[in-house]
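Numbering (the numbering used here), first residue to last: 26 to 252. Positions of the beta carbon are idealized from the N, C-alpha and C atoms, including for glycine. A quick note: this is a predicted structure, and the numbers were derived from the prediction, not measured.
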Ligand code: GAR
């Protein structure tokens, strides 16, 4: 039985997807706690409603990153996690914190890394004229939004998209690949080989959004125009 600790900053929809998958698929795992860096993080209510322990370590109460990260690690370690899951946790972490959870901390980032680390990834993809965009689950290393890739999902960029529409499409895929990646960890199927991840036995570590609505043709047209 693996202990999972999930860190959130806000809405927590990826956390919800992981909590639901853990229950529905009867993973040999327990969501030991959901921890937020903001007392008003909306996802805390969902976690509490599922009987999951919640905690807040408010970054504004600490003089610097190191002090915050030390307090956060102390809270996390109280739950003896096998895996720490960053699910919309919007804090830059210190090297010491990242090293402490080396090989046992996952993040999801809303872009096809290594493209578009940082913020406003959907607008960045639109501004760059990308035809596909997506999300990446990766092991966390001290370089922000980098680290060995566990799974990626790609979605089409449609001619009519604004950042919000694109974000919503990507988020739908996040809710598929993140629980899947966490399950692989729980099942001890992930191995780190330098910068690469091996999944045993293998299965696709990617997802292409299978979209069947009218926008399919619109998108095909857009691609044609660009060619
Ligand atoms: C998600 O789109 C996640 O990929 C992103 O924040 C959102 C959180 O949504 N994370 C990052 O940008 C981290 N760099 P959620 O709270 O509903 O899961």
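- Residue 173 is classed as buried because its beta carbon has at least 16 other beta carbons within 10 Å across all chains shown.
- Relative to the ligand GAR, the beta carbon of residue 150 is positioned no closer than 6 Å to any heavy atom.
- In the DSSP assignment, residue 29 falls within the beta strand (DSSP E) that extends over 27–33.
- Residue 32 is a Cβ neighbour of residue 60, given a cutoff of 7 Å.
- For residue 195, the enclosing alpha helix (DSSP H) has its first and last residue at 188–211.
- The Cβ neighbour count for residue 86, taken over all protein chains shown within 10 Å, is under 16; the residue is labelled exposed.
- Rounded to whole angstroms, the gap between the alpha carbons of residue 56 and residue 77 is 7 Å.
- When DSSP states are grouped into helix, strand and coil, residue 233 belongs to the strand group.
- A Cβ-Cβ contact shorter than 7 Å links residue 204 with residue 42.
- CA-to-CA, the gap between residue 179 and residue 200 works out to about 13 Å.
- Classified as buried, residue 130 has 16 or more neighbouring CB atoms from the shown chains inside 10 Å of its CB.
- For residue 44, there is no enclosing beta strand (DSSP E); the enclosing alpha helix (DSSP H) has its first and last residue at 38–49.
- Placement of the Cβ of residue 196 at a distance of less than 6 Å from at least one heavy atom of the ligand GAR is found.
- Excluding the 5 residues flanking it on each side, residue 27 has same chain C-beta neighbours closer than 6 Å at 54, 107, 211, in chain order.
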